[in-house]
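Student: Residue numbering for the sequence shown follows the UniProt record's numbering, starting at 1 and increasing by one per position.
Glycine included, every Cβ here is placed at the ideal spot set by N, Cα and C.
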Amino acid sequence: METIFYNVTTKALRFGRQFGRIEELAHQMIDEGTQPDNITYSTIITCAKKCNIFDKVVHWFKRIYKTGLMPGEVTYSAILNLYIMLGKVEEVINLYEKARAFSMLER
């Protein structure tokens, strides 16, 4: 239930592009023992991307793996779009292959 509360709150903050507050909330969530889920991470990453805080996009994307979660399609899409926008072709190819390996892009 706690995760749902945090997710709704972070989504509301995302619309206001309040990345700093979202990141604070994410740290609070973790400190209190509530584990972020794919929705949480996707919201954080999407907001960071919309705010042009690209290092934070990559930071939070890598953090997903550290927690043992696998990014969802929305999260993969956000990071792929960022790498394309930045012209990081190798990262796009590597991430695409990683996603395929986990069957995220195959239907």
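#1: Does the segment 65–75 come close enough to the segment 48–55 to have 3 or more Cβ pairs within less than 8 angstroms?
#2: Apart from the five residues just before and just after residue 81, which ones in its own chain have a Cβ nearer than 8 angstroms to its Cβ?
#3: Just to confirm, are residue 37 and residue 3 a CB contact at a threshold of 7 angstroms?
#4: Could you check if residue 85 is buried or exposed, using at least 16 other CB atoms within 10 Å of its CB as the buried criterion?
#5: Spatial neighbours of residue 39 within its chain, please: CB distance less than 7 angstroms, with the 5 preceding and 5 following residues excluded, ordered by chain position.
#6: Which of helix, strand or coil does DSSP assign to residue 84?
#7: Between 26, 11, 34 and 29, which has its C-alpha nearest residue 46's C-alpha?
#8: Which first and last residues belong to the alpha helix (DSSP H) in which residue 52 is found?
#9: Would residue 61 and residue 79 be called neighbours here (beta carbons separated by less than 7 angstroms)?
#10: I need the DSSP call for residue 37, collapsed to helix, strand or coil.
Tutor: In short, the structure shows the following:
#1: With the cut-off at 8 angstroms, the segment 65–75 and the segment 48–55 do not touch.
#2: Sequence index remark: in the sequence shown, residue 81 carries index 81 (1-based). Excluding residues within five positions, the ones whose Cβ falls inside 8 angstroms are 49.
#3: Taking the sequence shown and counting its residues from 1, the one referred to as residue 37 is at position 37. Taking the sequence shown and counting its residues from 1, the one referred to as residue 3 is at position 3. Yes.
#4: Start at 1 with the first residue of the sequence shown, and residue 85 comes out as number 85. Counting other Cβ atoms within 10 Å of its Cβ, residue 85 stays below 16 and is therefore classed as exposed.
#5: Here residue 39 corresponds to residue number 39 of the sequence shown, with the count starting at 1. Hits under 7 angstroms: 7.
#6: The count along the sequence shown starts at 1 and reaches residue 84 at position 84. Correct three-state label for residue 84: helix.
#7: Residue numbering aside, residue 46 sits at position 46 when the sequence shown is read from its first letter. Answer by Cα proximity: 11.
#8: Counting from 1 along the sequence shown, the entry for residue 52 is found at position 52. Neither: residue 52 is in no alpha helix (DSSP H) and is coded neither H nor E.
#9: Residue mapping note: residue 61 aligns to position 61 of the sequence shown, counting from 1. Residue mapping note: residue 79 aligns to position 79 of the sequence shown, counting from 1. Taking the C-beta atoms as reference points, residue 79 is found nearer than 7 angstroms to residue 61.
#10: Within the sequence shown, residue 37 is the residue found at index 37, counting from 1. In the structure shown, residue 37 falls within a coil segment according to DSSP collapsed to helix, strand and coil.
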